[in-house]
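Numbering (UniProt numbering), first residue to last: 1 to 249.
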């Protein structure tokens with residue numbers, strides 16, 4: 001068995017790094033939502049605690065479902081179980097996610113499907129990531145109108161080197177840090193933005209091409225989305241720290 005296929009708490013956390021809190025667009029590992037990992041042969045059970053017992057059941061469901069899917073994709077894991085603790089809907093979520101139910105089956109009174117919520121949150125995350133990506137390009141010397149006209153085919157990413165090359169025109173290319181652009185493109189593709197080489201790389205929050213004269217307005221909206229997510233993240237971290245502190249007293 002290769003090192004990447006071995007099961008250990010470290011490889012489990014690596015596997016879960018890509019799972020995000022959909023409201024904050026941050027890794028559940030970074031946010032310390034994982035409270036325990038139990039491994040027995042090819043069976044793995046991971047326990048989670050969210051910042052409050054009343055976090056949205058739709059958000060909690062998405063995290064648990066994504067975590068279980070990430071674990072189940074591990075070649076050495078034959079049985080993956082996720083366990084949400086200390087949440088007002090823990091029983092429904094644990095039974096539903098581990099039983100392969102749809103959100104609407106576990107929550108029959110739910111107003112709408114969880115995928116509609118996911119699409120809305122992914123859209124907000126895409127706008128925030130776009131702000132960070134375009135800030136990187138502005139710092140690299142590109143002008144707003146040049147950024148607005150970029151197409152996906154103008155971007156080349158060398159992930160190993162950590163550099164991205166942006167072709168501005170036939171005679172000008174700029175190299176910048178690739179991470180903000182990698183992060184952006186990952187979320188853009190899940191929201192049907194820049195999903196073909198000839199499509200514009202960046203878009204308005206509504207998914208439309210950005211007119212050069214609209215760039216500053218769109219950029220401000222991206223900054224606001226980033227600020228809101230950051231503020232909500234600090235609130236969640238404070239609530240989580242208070243919860244852990246009260247339990248340890």
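No residue lacks a Cβ here, since even glycine has one placed at the ideal position from N, Cα and C.
The structure presented is a predicted model; accordingly, all values stated were derived computationally and were not measured.
Q.
Between which two residues does the beta strand (DSSP E) holding residue 34 run?
A. Working through the chain shown from its first residue, we reach residue 34 at position 34. 34-40 is the extent of the beta strand (DSSP E) around residue 34.
Just verifying my parser: in three-state terms, what is the DSSP assignment at residue 172?
The residue labelled residue 172 in the question sits at position 172 within the chain shown. Note: residue 172 maps to strand in three-state DSSP.
### Message
As a quick exercise: from 92, 198, 99, pick the residue whose alpha carbon is nearest that of residue 150.
### Response
Numbered from 1 along the chain shown, position 150 holds the residue referred to as residue 150. The residue with the shortest Cα to Cα distance from residue 150 is 198.
>> In chain order, what are the residue ranges of uninterrupted beta strand (DSSP E) at least 3 long that sit wholly in the segment 132-216?
In response: 155-158, 163-169, 172-177
Residue 46, DSSP secondary structure in three states
Residue 46 sits at position 46 when you count from the first residue of the chain shown. In this structure, residue 46 counts as strand in the three-state DSSP scheme.
Three-state class that DSSP yields for residue 126 in the structure shown:
Indexing the chain shown from 1 puts residue 126 at position 126. Note: residue 126 maps to helix in three-state DSSP.
State the CB to CB distance for the pair residue 24 and residue 229, rounded to an integer number of angstroms; the pair is presumed to be in contact (CB under 8 angstroms).
In the chain shown, the residue the question calls residue 24 occupies position 24. In the chain shown, the residue the question calls residue 229 occupies position 229. Indeed, because the Cβ distance is near 6 angstroms, the residues count as touching under 8 angstroms.
Spatial neighbours of residue 224 in its chain, beta-carbon cut-off 6 angstroms, leaving aside the 5 residues before and after: Here the question's residue 224 lines up with position 224 in the chain shown. Within the same chain, residue 224 has no close Cβ partners at all.
task: Look up residue 81 in the DSSP assignment and give the residues it is bridged to.
output: Position 81 of the chain shown holds residue 81. Residue 81 pairs with 45.
query = Does the beta-carbon of residue 232 have 16 or more other beta-carbons within 10 angstroms, so that it is buried, or is it exposed?
reply = In the chain shown, the residue the question calls residue 232 occupies position 232. Classification of residue 232: exposed, given that the 10 Å Cβ count is below 16.
Item to complete: Determine the extent of the alpha helix (DSSP H) in which residue 97 is found, giving its start and end residues.
Response: The count along the chain shown starts at 1 and reaches residue 97 at position 97. It spans 90-98 - the alpha helix (DSSP H) in which residue 97 sits, taken as one unbroken run.
### Collapsed DSSP secondary structure at residue 274 in the structure displayed
A question about residue 274 goes unanswered here, because the residues of the chain that appear run from 1 up to 249.
So the candidates are 81, 209, 18; which of them puts its Cα closest to the Cα of residue 38? In the chain shown, residue 38 corresponds to position 38, counting from 1. It is 81 whose Cα lies nearest to the Cα of residue 38.
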